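Okay, structure first, notes after.
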Amino acid sequence: MSDDVSPVPNRNGASAHHHAPRYTSSHIPLAQAPGPAGQPGHQHTAIQHPTVPTTPPAFGGPTASPFPPVPAVPEPARLRVVVADDNPVVRAGLGVLLSGRADIQVVAEAADGREAYERTLQHRPDVVLLDVRMPGVDGISALPHLVGLAPVLMLTYSRESEIVHEALRLGAGGYLVHGEFTADQLVRAVRDTKDGRANFTATAADALLAHMRLGSAPPRGPLPEGLGSALTAAPLPVHPAPRPLETSESLSQLQPSVGQSSLSGGSVPIPNRQQYKLSSREVEVMDLIASGMSNQQIAATCFISEKTVKNHINRIFTKLHSTTRSEAIAHWLGTAPRDPGRQP
Numbered sequence: 002m003s004d005d006v007s008p009v010p011n012r013n014g015a016s017a018h019h020h021a022p023r024y025t026s027s028h029i030p031l032a033q034a035p036g037p038a039g040q041p042g043h044q045h046t047a048i049q050h051p052t053v054p055t056t057p058p059a060f061g062g063p064t065a066s067p068f069p070p071v072p073a074v075p076e077p078a079r080l081r082v083v084v085a086d087d088n089p090v091v092r093a094g095l096g097v098l099l100s101g102r103a104d105i106q107v108v109a110e111a112a113d114g115r116e117a118y119e120r121t122l123q124h125r126p127d128v129v130l131l132d133v134r135m136p137g138v139d140g141i142s143a144l145p146h147l148v149g150l151a152p153v154l155m156l157t158y159s160r161e162s163e164i165v166h167e168a169l170r171l172g173a174g175g176y177l178v179h180g181e182f183t184a185d186q187l188v189r190a191v192r193d194t195k196d197g198r199a200n201f202t203a204t205a206a207d208a209l210l211a212h213m214r215l216g217s218a219p220p221r222g223p224l225p226e227g228l229g230s231a232l233t234a235a236p237l238p239v240h241p242a243p244r245p246l247e248t249s250e251s252l253s254q255l256q257p258s259v260g261q262s263s264l265s266g267g268s269v270p271i272p273n274r275q276q277y278k279l280s281s282r283e284v285e286v287m288d289l290i291a292s293g294m295s296n297q298q299i300a301a302t303c304f305i306s307e308k309t310v311k312n313h314i315n316r317i318f319t320k321l322h323s324t325t326r327s328e329a330i331a332h333w334l335g336t337a338p339r340d341p342g343r344q345p
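Here the sequence shown is numbered in the working numbering, starting from 2 and rising by one per residue.
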């Protein structure tokens with residue numbers, strides 16, 4: 002008898018040969034069912050269990066989402082800055098400081114006023130940081146050409162009072178002196194300049210306050226080291242952007258009338274300002290108007306809102322019987338022609 006054959010009794014007691022399986026099965030056999038009394042149970046054939054899928058099939062196939070996909074949120078545009086300074090270390094430091102902010106990007110650098118104008122014309126930045134003393138074309142000379150292209154924030158070591166006055170007269174949107182501000186204050190000033198808000202460090206603010214207390218426009222003498230005269234012979238081409246007028250005339254149109262009052266020859270009579278009965282605050286505002294400041298610059302100097310400045314100006318115009326800034330300045334400086342038919 003071979004090894005793989007073993008006798009198994011059947012229902013009649015007769016033995017039957019069953020061959021043992023010749024392979025190993027992973028099927029799970031059922032337990033032996035009991036046979037008749039006294040007889041061993043018979044062995045059932047192993048049953049193969051179907052494989053159960055790990056993931057049940059989706060009912061009815063894939064279902065589309067009832068909500069549309071959320072569009073990607075575009076990144077906000079970064080504030081673009083041109084840095085003009087003849088010191089490469091200062092330019093590099095400002096570039097690292099400002100470009101390290103998520104919303105600011107230094108798009109170009111310049112070593113003098115002419116380069117600043119060319120870079121500004123090329124890149125059309127949101128703000129220009131401008132030094133005063135630079136070789137070739139200085140910052141004061143380039144300033145009137147730059148303000149027609151972008152807001153300008155003076156960022157300099159120059160702290161002389163006459164330079165501060167001239168920079169603001171020519172349209173600078175703020176004046177910061179190195180060593181008087183922190184990195185965060187500089188970043189805030191750059192953002193404010195782009196939005197039309199003026200910033201001044203202590204030295205510049207003191208110069209403005211000192212001028213305000215004088216009660217009259219300071220004499221327009223030569224600036225230190227000939228600043229502002231570099232472009233007298235060969236000025237840069239000007240490409241002014243359209244700018245809103247204040248009342249009926251722009252600030253640039255007012256400057257000649259102010260300058261002519263002191264250059265027309267002869268002595269100018271001292272005006273009797275008491276006749277206008279301006280309040281102390283209105284006197285301060287009128288002095289700043291006469292110096293050529295805009296409403297924004299007056300607000301920053303007096304630490305009041307632009308709306309309050311406009312309210313003061315309306316009352317000043319009424320008391321000075323004026324309808325324009327230039328007319329009010331002429332009355333205030335005593336250069337307006339006398340009209341005998343109208344009371345002051």
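The beta carbon of each residue, even a glycine, is placed where N, CA and C say it ideally should be. A quick note: this is a predicted structure, and the numbers were derived from the prediction, not measured.
| query | result |
| --- | --- |
| Whole runs of the alpha helix (DSSP H) within the stretch 301-342, excluding any shorter than 4 residues | 307-320 and 326-334 |
| The stretch 273-286 / the stretch 187-207 touching (three or more Cβ pairs under 8 Å) | no |
| Whole-number beta carbon distance between residue 104 and residue 137, since they are thought to touch under 8 Å | Not confirmed; about 32 Å, so no contact. |
| Residue 135, DSSP secondary structure in three states | coil |
| Residue 1 in three-state terms, based on DSSP | Nothing in the structure corresponds to residue 1, since the chain is present only between 2 and 345. |
| Option in 67, 184, 142 and 122 with minimal Cα separation from residue 83 | 122 |
| Candidates 294, 125 and 298, of which the one nearest residue 327 by Cα | 294 |
| C-beta contact flag for residue 178 and residue 194 at 8 Å | no |
| Test item: CB-CB of residue 170 and residue 204 under 8 Å | no |
| Reference residue 146, options 118, 302, 197 and 334, closest by Cα | 118 |
| As assigned by DSSP and simplified to three states, the class of residue 277 | helix |
| Residue from 332, 288, 297 and 319 whose Cα sits closest to the Cα of residue 273 | 332 |
| Cutoff 6 Å; reference residue 172; Cβ partners in own chain excluding five residues on either side | 148 |
| Bounding residues of the beta strand (DSSP E) (the contiguous stretch that carries residue 194) | Note, residue 194: premise wrong, no beta strand (DSSP E); alpha helix (DSSP H) at 184-195. |
| Buried versus exposed call for residue 66 [16 or more other C-beta atoms within 10 Å across all chains shown] | exposed |
| Rounded C-alpha distance that separates residue 157 from residue 291 | 26 Å |
| Counted within 10 angstroms of its Cβ, other Cβ atoms place residue 315 as buried (16 or more) or exposed | exposed |
| DSSP state of residue 110 mapped onto helix, strand, coil | strand |
| Through-space distance from residue 79 to residue 101, alpha-carbon basis | 12 Å |
| Unbroken alpha helix (DSSP H) run spanning residue 79, endpoints | Taken as a continuous stretch (DSSP letters only), residue 79 belongs to no alpha helix (DSSP H), as it is neither H nor E. |
| Closest by C-alpha distance to residue 135, when choosing among 77, 89, 166 and 180 | 89 |
| Whole-angstrom C-beta distance between residue 165 and residue 209, which should lie under 8 Å | 7 Å |
| Distance, residue 296 Cα to residue 95 Cα | 29 Å |
| Assigned exposure category for residue 200 - 16 Cβ within 10 Å defines buried | buried |
| Own chain residues within Cβ distance below 6 Å of residue 162, not counting five before or after | 208 |
| Inter-residue Cα distance where the pair is residue 324 and residue 196 | 28 Å |
| Proximity winner among 155, 128, 72 and 127, relative to residue 139 (alpha-carbon distances) | 155 |
| For residue 201: DSSP bridge partner residues | 176 |
| Residue 399 (DSSP reduced to helix, strand or coil) | Outside the shown range of the chain (2 to 345) lies residue 399, about which nothing can therefore be said. |
| Pair within 8 Å by beta-carbon distance, residue 109 and residue 92 | no |
| Proximity of residue 185 and residue 132 at Cβ, strictly below 8 Å | no |
| Bridge partners - residue 157, DSSP secondary structure assignment | 178 |
| CA nearest to the CA of residue 321, picked from 334, 176 and 98 | 334 |
| One or two residues paired with residue 129 in a DSSP bridge | 83 and 153 |
| Short Cβ contact (8 Å threshold) for residue 127 with residue 198 | no |
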